[in-house]
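For what it's worth, my numbering labels the leading residue of the sequence shown as 148, then goes sequentially. Below is one structure, written out as structure tokens, with a few remarks after it.
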Amino acid sequence: MTTPARAFLPGLELSRILYEEAVRPLLDAEFPGLRYAAARVGSGSEVLGFDTARSADHEWGPRLDLFLEPADAAAYGKRIHHLLAERLPKQVRGWPTHFRHADPADPVGHMELIEGPVDHRVSVAGVGGWLHDHLGLPLADPTPGQEAWEPTLGGEAWEPTVRDWLAVPQQKLAEVTGGAVFHDGVGALTRARETLSWYPDQVWRYLLACQWQRISQEEAFVGRCAEVGDDLGSAVVAGRLVRDLMRLCLLLEREYAPYSKWLGSAFARLPGADDLLPTLRGAVTAADYATRERHLCDAYERVAAAQNRTGLTEEVDPSRRTYHSRPFQVLHAERFAQALARTVTDPDLRDLPLTGGVDQWADSTDFLGRPGAVRAAVDALG
């Protein structure tokens, strides 16, 4: 790979420059009057604002996502792709617009300066089709004048169902609602991003209940593992509980949780994270059970108090206590799960088990990347 001798700049800024200085002039000249949206959304650390110079080693660079009306995407998509391949500048601020593949079987691209047409990273799609592929949202039945593959979300009144929400990993929702939109002459992308910006109130309450339920199921294991001499097992369970507390804090602050690589970075941005970081760090670095338990209980109490401040339920005592007759200090987090569950009145949610959204009970990347399999699994839960 040829590495440009230029200083790093955030990927979203590079995408904006690519659009304003290269792509927009070409579209205006060759397709006058074409309605489209230009954005940088989807996968990529830059979409969440976490990219660094390290990100430039693969699939980072001058990238852009163009969204057309469904009929225009079908009619002009290939022409636009070829136009940009032939006439895009070879580099933007020193970063090549061509992405080579080291292995034909490997889809990962690496920037490289070349002569001739560039294999660029400017995609062209319809908003509905892209969201169907990215999120697994269902397609609409065709109506007169509508393409058979056009999804329901092309219309103003589109709303995801409860099962839609539960079947989309938070990482995917963050990818759709993050990033930047540089122009939207169609409107569908902006409407979809607004619709998906956060969960409906009843779904939010249900997911919070499920996250507290997860914590309740393992909080006593930290002590039980230590009691039988399994300090490693105790530490592993503590790490899992810290992860669940971090995801719970993001839910409370109405922020989608990214996958593990960026979970700590996203958590650190939250209001009040500085107060929690020492206790969470102490829980995962503790060399003995007593210290580990103390830090975890400090964290439980602070997050429980934050839950009470939301006013979503009646106040629940946030103080630590023993685990039944055993000498382990816990929160008994199921008390918060039950209080929240009592506020869930939506008939599509109230009878569901407290399993939650797909990424509250599954974390296999290969599974979460298969929307059809995820939807089938969510439907099978109840």
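Cβ coordinates follow ideal geometry from the N, Cα and C atoms, glycine included.
Query raised in the report: Once you ignore the five residues that flank P264 on each side, which residues in its own chain have a CB closer than 7 Å to its CB?
Result: By 1-based counting over the sequence shown, the position of residue 264 is 117. Once the five neighbours on either side are set aside, the close Cβ partners of P264 are A232, E233.
Query - Residue range of the beta strand (DSSP E) that includes D331 - result: What you label residue 331 is simply residue 184 of the sequence shown in a count that begins at 1. Taken as a continuous stretch (DSSP letters only), the beta strand (DSSP E) holding D331 covers 327–331.
Query - Candidates D331, S511, L427, of which the one nearest A385 by Cα - result: To locate residue 385, count along the sequence shown from 1; it is residue 238. Selected option, being the one with the closest Cα: L427.
Query raised in the report: What's the C-alpha gap between Y470 and A480?
Result: Reading the sequence shown from its first residue, position 323 is the one you call residue 470. Reading the sequence shown from its first residue, position 333 is the one you call residue 480. Cα to Cα, the separation comes out at about 11 Å.
Query raised in the report: Straight-line CA distance for G516 to S472?
Result: The count along the sequence shown starts at 1 and reaches residue 516 at position 369. The count along the sequence shown starts at 1 and reaches residue 472 at position 325. For the pair G516 and S472, the Cα-to-Cα distance works out to about 43 Å.
Requested in this report: Assign V369 to one of three DSSP states: helix, strand, or coil.
Outcome: Sequence index remark: in the sequence shown, residue 369 carries index 222 (1-based). Correct three-state label for V369: helix.
Query raised in the report: Taking C-beta to C-beta, are E322 and S190 nearer than 8 Å?
Result: Translated into the one-based positions of the sequence shown, residue 322 becomes position 175. Translated into the one-based positions of the sequence shown, residue 190 becomes position 43. The Cβ atoms of E322 and S190 lie closer than 8 Å to each other.
Query raised in the report: To the nearest angstrom, how far is it from the Cα of G458 to the Cα of L320?
Result: Position 311 of the sequence shown, counted from the first residue, corresponds to residue 458. Position 173 of the sequence shown, counted from the first residue, corresponds to residue 320. One C-alpha to the other measures close to 26 Å.
Query - Cβ-based burial, S363 [other Cβ within 10 Å; buried from 16] - result: Here residue 363 is taken as the residue at index 216 of the sequence shown, counted from 1. Classification for S363: buried.
Requested in this report: Using DSSP bridges, identify the partner residues of L543.
Outcome: The structure shown does not extend to residue 543, since the chain is modelled only from 148 through 529, so no value can be given for it.
**Report entry** Entirely enclosed alpha helix (DSSP H) segments - the segment 155–204, minimum 4 residues
**Finding:** Within the segment 155–204, the complete alpha helix (DSSP H) runs of at least 4 residues are 158–165, 171–177.
Report task. Identify which residue in T490, L156, A413, D445 has its Cα closest to the Cα of V239. Result -> Mapped onto the sequence shown, residue 239 falls at position 92. Distances from the CA of V239 to each of T490, L156, A413, D445 were compared; the closest alpha carbon is that of L156.
Query raised in the report: Alpha carbon to alpha carbon, what distance is there between L211 and T199?
Result: In the sequence shown, residue 199 corresponds to position 52, counting from 1. In the sequence shown, residue 211 corresponds to position 64, counting from 1. The straight-line gap from Cα to Cα measures roughly 18 Å.
Query raised in the report: If you run the structure through DSSP and keep just helix, strand and coil, what is Y346?
Result: Walking along the sequence shown from the start, residue 346 turns up at place 199. The answer is coil: DSSP assigns Y346 none of H, G, I, E or B.
Requested in this report: Give the DSSP-derived three-state secondary structure of V255 in the structure shown.
Outcome: Along the sequence shown, read from residue 1 onward, the residue named residue 255 stands at position 108. Looking at V255 - three-state DSSP - the assignment turns out to be coil, as it is neither helix nor strand.
Report task. Measure the alpha-carbon distance for A154 versus P494 and round it to whole angstroms. Result -> What you label residue 154 is simply residue 7 of the sequence shown in a count that begins at 1. What you label residue 494 is simply residue 347 of the sequence shown in a count that begins at 1. For A154 and P494, the distance between alpha carbons rounds to 54 Å.
Query raised in the report: Is it true that the CB of L388 sits closer than 8 Å to the CB of L443?
Result: Your numbering for residue 443 matches position 296 in the sequence shown. Your numbering for residue 388 matches position 241 in the sequence shown. Against a cut-off of 8 Å, the Cβ pair of L388 and L443 comes out as a contact.
Requested in this report: Report the partner residues of T469 according to the DSSP bridge assignment.
Outcome: Here residue 469 is taken as the residue at index 322 of the sequence shown, counted from 1. In DSSP, T469 forms a bridge with Q476.
Query raised in the report: Where do the N-terminal and C-terminal ends of the alpha helix (DSSP H) with K408 fall, by residue?
Result: Here residue 408 refers to the residue found at position 261 when the sequence shown is read from its first residue. Under the DSSP assignment, K408 falls in the alpha helix (DSSP H) whose first and last residues are 407–415.
Report task. Reducing DSSP to helix, strand and coil, say where P518 ends up. Result -> One-based indexing of the sequence shown puts residue 518 at position 371. Note: P518 maps to helix in three-state DSSP.
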